[in-house]
Amino acid sequence: MGEKMTCPGRTAQGRRPDQNKDEWSTDRWGRDGTIWVWGPVPRTCSYCACVHPEDVDALIAAGWTVQRSDKGYKCYMYPPGHIAAQAEYLMNAQAGVDPIVAMKNFPKEPTPPVKLYDWHFSKEDWERL
Ligand SMILES: [Zn+2]
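For the sequence shown, this note's numbering gives the first residue as 891, with consecutive numbering after it.
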């Protein structure tokens, strides 16, 4: 069991803020078909699955990138090599390369994906991501 806390996402989503029902878990990846091959597993919120804000910098230092989603309150993180592979994939797609062939250089991706939600970050930390 990880450190108990209350996910701010409960109230952000208009739900009751059941006190201390959530925790920072360390077992989201690496078992039962999940994929994590990048060293230490970051802590995640047991309620919303956001990576612990203190673990984000270590991922960035290891080459992970943050991509904003079309939802302003949510970002995804991708492992080293993803951005370059994505650019190559788009070039190949425009050139008419078979999508299966075009995917061959994509690095392994975490399953489930790495997500960040703004309610676990200060405004300043969220904006600097
Ligand atoms: Zn949460």
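Think of the CB as a built atom: it goes at the ideal place given N, C-alpha and C, for glycine as much as any other residue.
Tell me the residue span of the beta strand (DSSP E) that contains residue i.
i, result
"T949", "Per the sequence presented here, residue 949 reads as Leu, with Thr not at that position. Where L949 is concerned, there is no enclosing beta strand (DSSP E), although the alpha helix (DSSP H) it sits in stretches over P943 to A951."
"K964", "K964 to Y968"
"W928", "Premise fails: W928 is in no beta strand (DSSP E) and is neither H nor E."
"K1006", "Per the sequence shown, the amino acid found at residue 1006 is Leu instead of Lys. It spans V1004 to Y1007 - the beta strand (DSSP E) in which L1006 sits, taken as one unbroken run."
"W914", "D912 to S915"
What does the Cβ neighbour count give for residue i, buried or exposed, with the cut at 16 atoms within 10 Å?
i, result
"D947", "exposed"
"T934", "buried"
Out of curiosity, what's the CA-to-CA distance linking residue i and residue j?
i, j, result
"T924", "P943", "21 Å"
"R1018", "S1012", "10 Å"
"A902", "V956", "22 Å"
"H1010", "V991", "39 Å"
Mind checking who residue i pairs with in its DSSP beta bridge?
i, result
"Q957", "Y966"
Taking the alpha helix (DSSP H) that residue i belongs to, which residues open and close that run?
i, result
"M981", "H972 to Q984"
At a cut of 8 Å, does the stretch 906–913 reach the stretch 960–977 through at least three beta carbon pairs? Contact between the stretch 906–913 and the stretch 960–977 is absent, because fewer than three Cβ pairs lie under 8 Å.
Three or more C-beta pairs below 8 Å linking the stretch 992–1012 and the stretch 935–946: Result yes; three or more Cβ-Cβ pairs closer than 8 Å.
For the structure I just gave you, are there three or more beta carbon pairs, one from the stretch 970–979 and one from the stretch 987–1003, closer than 8 Å? Yes: at least three Cβ pairs fall under 8 Å.
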